[in-house]
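Structure record follows, encoded as structure tokens.
Number of protein chains: 2
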Amino acid sequence: MNESEDRLDRAFLALADPVRRSLIARLSRGEATVNELAEPFVISKQAVSRHIQVLEAAGLITRTRDGQRRPCHLAPAALESLTAWIDTYRLIAERQYRRLDTVLNTMKEKES
Amino acid sequence: MNESEDRLDRAFLALADPVRRSLIARLSRGEATVNELAEPFVISKQAVSRHIQVLEAAGLITRTRDGQRRPCHLAPAALESLTAWIDTYRLIAERQYRRLDTVLNTMKEKES
DNA sequence: ACCGTAATCAACCTATCTGTTTATCAACTA
DNA sequence: TAGTTGATAAACAGATAGGTTGATTACGGT
């Protein structure tokens, strides 16, 4: 039960689809229902509905109830946890590269 | 030919696997060969080799040649482009939420 | 109560992912 | 040159992703 690993799996997988990224982009401008979200797409509303379920299961969006509507809202905190994961390793790697640069420059100086 | 969309697809999909994320974590501490990367895993070296190909196709790592070895290096720039994408929409959404808070607070003030 | 609408469920199809095993390629070493 | 080692290719099997269509649930309006 690697809960946090599973969460990362689901979140990154959720973002690995252009339709779902497009839904995220749309929701960043404010809440929207399934019908509203599905409108611009060629695929069926059912397909969009399942994309939304994927995003919700990944914790990237939340849903409220308003009569028969189920408005979707973006969950910025979940997005932040993804950038946090990525940045952890990016920053370590960048430090490595800077250190390597320093070593190379030192060697070059000693040469001359 | 949505090249940049395809790149995002491949990059996020590449991160949607615990083995590949583990490889990223390892590579953040410095370059490593396929054998070195495969050693801690239970799965076969061939499987790890293909995970590495996925990471390379996604642009998340690069490879050099050193005799019969093919050392892998992390590509921080690619990771940065991912955080840039996520942060774009996260920040917009956060602004939305702050604006909503402001509206709600204003309404509360007028009430009293 | 009835009808329309928002949304989902269920069954099905196809393509892709991820692992395996076996075989092959390419480079170093004695 | 023969043998070893790093790495990959090829072919296969099982699981899952993502689309379709048709049926169903649940709420609202008249």
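Protein sequences appear in the order of chains A and B. In terms of this note's numbering, the first sequence opens at residue 13 and continues consecutively. In terms of this note's numbering, the second sequence opens at residue 13 and continues consecutively. Just so you know, even glycine gets a beta-carbon here, dropped at the ideal spot from N, CA and C. Remember, it's a predicted structure, so these values are computed and weren't measured experimentally.
According to DSSP, is ALA26 of chain B part of a helix, a strand, or is it coil? helix
For LEU20 of chain B, go through chain A and note every residue whose CB falls closer than 9 Å to its CB, in chain order. LEU27, ALA28, PRO30, ARG33
Please name the residue or residues paired with ASP18 of chain A in a DSSP beta bridge. Answer is none; ASP18 of chain A lacks a bridge partner.
For ILE73 of chain B, does the three-state DSSP call read helix, strand or coil? strand
Cβ of ARG62 of chain B within 9 Å of any chain A Cβ: no
Excluding the 5 residues preceding and the 5 following GLU68 of chain B in the sequence, name in chain order all residues of the same chain whose CB lies nearer than 8 Å to its CB. THR74, ARG75, CYS84
Distance, Cα to Cα, ARG107 of chain B vs ARG102 of chain A? 26 Å
Helix, strand or coil at ARG102 of chain A [DSSP, three-state]: helix
Give a yes or no on whether the minimum CB-CB distance between ARG41 of chain A and chain B is below 9 Å. yes
Can a CB atom of chain B be found closer than 9 Å to the CB of PHE24 of chain A? yes
What's the gap between the Cα of ALA96 of chain A and the Cα of LEU20 of chain A? 11 Å
For ARG110 of chain A, go through chain B and note every residue whose CB falls closer than 7 Å to its CB, in chain order. Correct list: empty, because the minimum Cβ distance to chain B is about 10 Å.
At the level of alpha carbons, what is the spacing between PRO88 of chain A and ALA37 of chain B? 24 Å
What does THR45 of chain A reach in chain B if we use C-beta pairs closer than 9 Å? Chain B residues near THR45 of chain A: none, gap ~17 Å exceeds 9 Å.
Determine whether the Cβ of ALA83 of chain B lies closer than 9 Å to any Cβ atom of chain A. This sequence places Pro at residue 83 of chain B; Ala is not what is there. False, the Cβ-Cβ gap to chain A never drops below 9 Å.
From ILE55 of chain B to ASP29 of chain B, what distance separates their C-alpha atoms? 14 Å
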